[in-house]
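Have a look at the structure below before the remarks.
Number of protein chains: 2
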Amino acid sequence: MTTTTPTSATPSPRLRVALNGFGNQNKEMAKMLVERNDVEIVAVISNKSNVGKDFGEIIGFDTPYGVLVTGGSEASEVLKKTRPQVAMLSTLSTVGDIESQLRVCAENQVNVVTIAEELLFSWTSAPEKTQEMHDLFEKNNVSLIGSGFIDGACCDMTRTMAAMMHRIEKLEGGLQYNVDQYGKVLAIAHGVGLTEEEFYAPETGPGLTSPTSYPKSYVYNSNEWFAAALGLTVAKTEEVKSPTKASVELYSEAIDRTIPIGQCTGMTVTATTTTKEGVTIIGKQVGKCYEKDDEDWCAWNLEGNPGGVGFTMKAPPTPAMTNTAAISRMFQAVEAPAGYITTDKLPTMAGYVHKCLTERGSVE
Amino acid sequence: MTTTTPTSATPSPRLRVALNGFGNQNKEMAKMLVERNDVEIVAVISNKSNVGKDFGEIIGFDTPYGVLVTGGSEASEVLKKTRPQVAMLSTLSTVGDIESQLRVCAENQVNVVTIAEELLFSWTSAPEKTQEMHDLFEKNNVSLIGSGFIDGACCDMTRTMAAMMHRIEKLEGGLQYNVDQYGKVLAIAHGVGLTEEEFYAPETGPGLTSPTSYPKSYVYNSNEWFAAALGLTVAKTEEVKSPTKASVELYSEAIDRTIPIGQCTGMTVTATTTTKEGVTIIGKQVGKCYEKDDEDWCAWNLEGNPGGVGFTMKAPPTPAMTNTAAISRMFQAVEAPAGYITTDKLPTMAGYVHKCLTERGSVE
Numbered sequence: 001m002t003t004t005t006p007t008s009a010t011p012s013p014r015l016r017v018a019l020n021g022f023g024n025q026n027k028e029m030a031k032m033l034v035e036r037n038d039v040e041i042v043a044v045i046s047n048k049s050n051v052g053k054d055f056g057e058i059i060g061f062d063t064p065y066g067v068l069v070t071g072g073s074e075a076s077e078v079l080k081k082t083r084p085q086v087a088m089l090s091t092l093s094t095v096g097d098i099e100s101q102l103r104v105c106a107e108n109q110v111n112v113v114t115i116a117e118e119l120l121f122s123w124t125s126a127p128e129k130t131q132e133m134h135d136l137f138e139k140n141n142v143s144l145i146g147s148g149f150i151d152g153a154c155c156d157m158t159r160t161m162a163a164m165m166h167r168i169e170k171l172e173g174g175l176q177y178n179v180d181q182y183g184k185v186l187a188i189a190h191g192v193g194l195t196e197e198e199f200y201a202p203e204t205g206p207g208l209t210s211p212t213s214y215p216k217s218y219v220y221n222s223n224e225w226f227a228a229a230l231g232l233t234v235a236k237t238e239e240v241k242s243p244t245k246a247s248v249e250l251y252s253e254a255i256d257r258t259i260p261i262g263q264c265t266g267m268t269v270t271a272t273t274t275t276k277e278g279v280t281i282i283g284k285q286v287g288k289c290y291e292k293d294d295e296d297w298c299a300w301n302l303e304g305n306p307g308g309v310g311f312t313m314k315a316p317p318t319p320a321m322t323n324t325a326a327i328s329r330m331f332q333a334v335e336a337p338a339g340y341i342t343t344d345k346l347p348t349m350a351g352y353v354h355k356c357l358t359e360r361g362s363v364e
Numbered sequence: 001m002t003t004t005t006p007t008s009a010t011p012s013p014r015l016r017v018a019l020n021g022f023g024n025q026n027k028e029m030a031k032m033l034v035e036r037n038d039v040e041i042v043a044v045i046s047n048k049s050n051v052g053k054d055f056g057e058i059i060g061f062d063t064p065y066g067v068l069v070t071g072g073s074e075a076s077e078v079l080k081k082t083r084p085q086v087a088m089l090s091t092l093s094t095v096g097d098i099e100s101q102l103r104v105c106a107e108n109q110v111n112v113v114t115i116a117e118e119l120l121f122s123w124t125s126a127p128e129k130t131q132e133m134h135d136l137f138e139k140n141n142v143s144l145i146g147s148g149f150i151d152g153a154c155c156d157m158t159r160t161m162a163a164m165m166h167r168i169e170k171l172e173g174g175l176q177y178n179v180d181q182y183g184k185v186l187a188i189a190h191g192v193g194l195t196e197e198e199f200y201a202p203e204t205g206p207g208l209t210s211p212t213s214y215p216k217s218y219v220y221n222s223n224e225w226f227a228a229a230l231g232l233t234v235a236k237t238e239e240v241k242s243p244t245k246a247s248v249e250l251y252s253e254a255i256d257r258t259i260p261i262g263q264c265t266g267m268t269v270t271a272t273t274t275t276k277e278g279v280t281i282i283g284k285q286v287g288k289c290y291e292k293d294d295e296d297w298c299a300w301n302l303e304g305n306p307g308g309v310g311f312t313m314k315a316p317p318t319p320a321m322t323n324t325a326a327i328s329r330m331f332q333a334v335e336a337p338a339g340y341i342t343t344d345k346l347p348t349m350a351g352y353v354h355k356c357l358t359e360r361g362s363v364e
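In order, the protein sequences belong to chains A and B. If you're matching positions, the first sequence starts at 1 in full-length UniProt numbering and goes up one per residue. If you're matching positions, the second sequence starts at 1 in full-length UniProt numbering and goes up one per residue.
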């Protein structure tokens, strides 16, 4: 949370942004951010590659942007020097996975928006680590916000729709996405390339669920988000996982090998939340390597009064909307209360305003 | 706009609501409002019938609610006596149609939420009358807000979705509704029961469009809303109307007669807005008497970066959502700035909160 308030007498300075992680997502994020009048990328941090190169050249600019990619070990130093107001953290999926990156940001008083899926609502899936991060960010007077496709296309859209309900009895919906678009770590977590036996193997099987199994699914987190947003008290959230299986031999880019017929291409998870108020929330995610004709979808329906309220997104551009949702939250992050702030506590995403774009053409 | 601020030490008092008009829409609205802990209906005003009867008995309660329906001529008197904070005005469609009802509310310092379709954004369709009403409400320190299905399901949902766009080039969408659900005045305005010749007849034909023809379509108003919400400058909005025709002989409840094959069952309107920024907005409304298999729909798509962002509502409960959207705005009305405030200037609809409902069962 910044302490300076821009006055109406002077134009708002551009938002100073760091990209923490420079893989598929943040490279696409960078292309969007450089087309905005209201944003300046001041730091790009990567653990993996391209360290020392100009980030503009990496994403295809003709001329350098003037910001070199910094290695992760120098993150603290570069944040101190460049003083970004917000870091877009796009690396791994859970609060534990990104803890060290979060610490560096918090300690340098940089607000964070992350697409780490668990951070949509990690209060119940990882309560201790979440409390620790909340305290750390609060102490440093900056905010930590989890966003992405589910925040925008599932949660925020459904919250807007839910505002047109008189009485909700049940919320049911979900999404499907192509795990091949999100890299190896996520594919392995989805059981891609396993046999059914391996999928359910004791100790190691990603298909096992129990009250204590961890990490939880994305829809576990979004169910808990919905309960908080609708003012409900969760009695229990349970999830069931089952493998999706190859009906044809299928090459997976994420694990870089061919999956034989019958082996796992990913998983379906159904998370069911019951509440003290009697409202049921059912979230379903299907994450798998796509066969011909598979495409992303997102659909949510509300039962109650009135009946028949729901919406469907057919073939939404899920990876791109992960970035655009996070960008919408980026502007809220600098105004949000300090600490870990779930987006059910924030206003709906900041609206699109055409005049924020530069006249410059797209880099794509 | 109220000037009192509830303190956290005392529970908020219930919102004092008047129903202005007691036809189909406000009767259903009443059923919902009496199930809320946070609302009290203090006045019901009707020009038509049921004057002197308890409104609870009219909507099917076993016991009287204790509020009698008041005739329109006594509206000012009853508002003075009961001091509602907001009136839900559900009578006719244009700012001119409801002017006298608006005056009575404003002069008694009652905020108004109306489902009169033009009021979604009447600044450009009826600029003089709108300015007059704006000044009147502002002077009396109360707000006037237009809401309904289009506000919620089209505008607010699409605004939430638009927040996930990086660059918008085109917004295209629309809705279909059954004119038989909204009474005779609306059906006649849609050309129900006319021949094609009558539909386009000079002077009187509802299908005629010109830069000065009035009233404009609902999508004319929603296009202008979108332009305002997205920070665009309208160059021009044009609309084209064409009749829908009976493919089978069809009884229309609204005009209480049978429409022969080939005659008009309603109309399709396409409104196209061009903007100085180069963004195009195309809204399409189909309002007609339904034949077998016809059903309501609402769908909006955005073109630009990313591509493929859109949503569809299949068979939404349009009349009920007209009420629930207006109820969501009702709470914003008492906090809104004084004057005529279009909802593009307001936050997204207030969220559903289960605890606002009473334990009492539904009256349906």
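Using N, Cα and C, we set each Cβ at its ideal position, and we do this for glycine too.
Can you tell me whether residue i is buried or exposed, with buried defined as 16 or more other CB within 10 angstroms of its CB?
i: Ala-235 (chain B); result: exposed
i: Tyr-220 (chain A); result: buried
i: Asn-26 (chain A); result: buried
i: Arg-159 (chain B); result: buried
i: Lys-355 (chain B); result: exposed
i: Lys-284 (chain A); result: buried
i: Thr-258 (chain B); result: exposed
i: Val-179 (chain A); result: buried
i: Ser-90 (chain A); result: buried
i: Val-240 (chain A); result: exposed
i: Val-309 (chain B); result: buried
i: Val-95 (chain B); result: buried
i: Asp-256 (chain B); result: exposed
Can you give the Cα-Cα distance for residue i and residue j, rounded to whole angstroms?
i: Arg-167 (chain B); j: Asp-344 (chain A); result: 25 Å
i: Lys-245 (chain A); j: Ala-126 (chain A); result: 30 Å
i: Met-88 (chain A); j: Val-69 (chain A); result: 14 Å
i: Thr-124 (chain A); j: Gln-85 (chain B); result: 40 Å
i: Ala-333 (chain A); j: Ile-115 (chain A); result: 13 Å
i: Thr-324 (chain B); j: Ala-338 (chain A); result: 34 Å
i: Glu-35 (chain A); j: Pro-243 (chain A); result: 41 Å
i: Pro-202 (chain A); j: Ser-213 (chain A); result: 12 Å
i: Ala-336 (chain A); j: Asn-108 (chain A); result: 17 Å
i: Glu-57 (chain A); j: Leu-19 (chain A); result: 15 Å
i: Ile-327 (chain A); j: Ile-145 (chain A); result: 11 Å
i: Thr-209 (chain A); j: Gln-101 (chain A); result: 28 Å
i: Cys-105 (chain B); j: Glu-277 (chain A); result: 38 Å
i: Ala-229 (chain A); j: Val-353 (chain B); result: 8 Å
i: Arg-14 (chain B); j: Asp-38 (chain B); result: 4 Å
i: Thr-270 (chain A); j: Gly-66 (chain A); result: 46 Å
Consider the Cβ of residue i: report whether some Cβ of chain A lies at a distance smaller than 9 Å.
i: Gly-351 (chain B); result: yes
i: Leu-357 (chain B); result: yes
i: residue 394 (chain B); result: A question about residue 394 (chain B) goes unanswered here, because the residues of chain B that appear run from 1 up to 364.
i: Phe-199 (chain B); result: no
i: Ile-281 (chain B); result: no
i: Asp-156 (chain B); result: yes
i: Pro-316 (chain B); result: yes
For residue i, decide whether its Cβ has a neighbour in chain B, counting only Cβ atoms nearer than 9 Å.
i: Thr-63 (chain A); result: no
i: Asn-305 (chain A); result: yes
i: Ile-168 (chain A); result: yes
i: Ser-362 (chain A); result: Only weak support is given to the placement of Ser-362 (chain A): the predicted model assigns it a pLDDT of 48, under 50, and the question is left unresolved by the model.
i: Ser-8 (chain A); result: Only weak support exists for where Ser-8 (chain A) lies, its pLDDT of 44 falling under 50; the coordinates are left without a value.
i: Leu-144 (chain A); result: no
i: Met-133 (chain A); result: no
i: Thr-237 (chain A); result: no
i: Met-165 (chain A); result: yes
i: Lys-27 (chain A); result: no
Going along the chain, which unbroken runs of the alpha helix (DSSP H) with 4 or more residues stay wholly within the stretch 276-346 of chain B? 318-333
Continuous beta strand (DSSP E) assignments of at least 3 residues falling wholly in the stretch 176-250 of chain A: 234-245
Sequence ranges, alpha helix (DSSP H) only - wholly within the stretch 115-178 of chain A, length at least 4: 127-139, 157-162
Between the stretch 248-262 of chain B and the stretch 191-198 of chain B, can you find at least three pairs of beta-carbon atoms closer than 8 Å? yes
Indicate whether the contact test is met: 3 or more Cβ pairs, each with one atom in the stretch 125-141 of chain A and one in the stretch 45-62 of chain A, closer than 8 Å. no
Could you tell me whether the stretch 295-305 of chain A touches the stretch 150-158 of chain A, where touching means 3 or more Cβ pairs closer than 8 Å? In this structure the stretch 295-305 of chain A touches the stretch 150-158 of chain A; the number of beta carbon pairs closer than 8 Å is three or more.
I'd like the ranges of any alpha helix (DSSP H) spanning at least 4 consecutive residues and lying wholly in the UniProt domain "Dihydrodipicolinate reductase N-terminal" (16-113) of chain B. 24-33, 55-58, 75-82, 99-107
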